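>
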Amino acid sequence: LSIDKTFISSICQTAMSPKSVMPMLDVFALGDECKAMYFVVAGQLAYFRGLSSRPNALEGCTTVEAGRWVCEYALLMAWKHRGLMVTMQTPCELALLDAGMFLSVMHSWPLVKS
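Each residue of the sequence shown is one higher than the one before, counting from 101 in my numbering.
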């Protein structure tokens, strides 16, 4: 598989954006429309499936660490978050891939059109 560097550059320049989230804050909540894929660049997140508010303890959460990603379904279909994602004890640095902009770049690329 050959990857076109110009295409990747176009996605990065058009559809990617940074987001900083301070400790103990919500990143997204149950039922919110998901408009981006999230890449964790630094920090740690806790995901609580099916919850709309932060519980008192971290029991039952899924931890998402730097180097991981979430919400890739947003690139494929209309999606609503199915739980609550919060930062933990330290700030988090995220890279967001905007689903609408990603699709726009994809549809404008000649190899995808054909």
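Idealized CB from N, CA, C, for every residue including glycine. Quantities reported herein were computed from a predicted structural model and do not represent experimental measurements.
Pair every Cβ in the segment 117-133 with every Cβ in the segment 180-193, then say whether three or more of these pairs are closer than 8 Å.
Verdict: yes, contact present.
> May I ask you to report which of helix, strand or coil DSSP gives G167?
Of the three classes helix, strand and coil, the one that applies to G167 here is coil, per DSSP.
> For the structure I just gave you, are there three or more beta carbon pairs, one from the segment 160-168 and one from the segment 140-148, closer than 8 Å?
Touching, per the Cβ criterion.
> Determine the burial state of A136: buried for a count of at least 16 other Cβ atoms within 10 Å of its Cβ, exposed for fewer.
By the neighbour-count rule (16 or more Cβ atoms within 10 Å), A136 is buried.
> Within a Cβ cutoff of 8 Å, which residues of the same chain sit near G150, ignoring the five residues on either side of it in sequence?
Correct list, in chain order: L130, R182, G183.
> Comparing alpha-carbon positions, which option in A174, V121, L125 lies nearest F202?
F202 has its Cα closest to that of A174, out of A174, V121, L125.
> Give the DSSP-derived three-state secondary structure of G131 in the structure shown.
Three-state DSSP puts G131 in coil, outside helix and strand.
> Alpha carbon to alpha carbon, how far is T106 from C112?
Cα to Cα, T106 sits roughly 10 Å from C112.
> For Y138, which option in P191, V205, C171 has the closest C-alpha, if you only look at C-alpha atoms?
With distances taken between Cα atoms, Y138 lies closest to C171.
> What residues match up with E193 in a beta bridge as DSSP calls it?
Bridge partners of E193: S120, A142.
> To the nearest angstrom, report how far apart S120 and T190 are at their CA atoms.
Cα to Cα, S120 sits roughly 11 Å from T190.
> Would L194 be called buried (16 or more neighbouring beta carbons within 10 Å of its own) or exposed?
Buried, since its Cβ has 16 or more Cβ neighbours within 10 Å.
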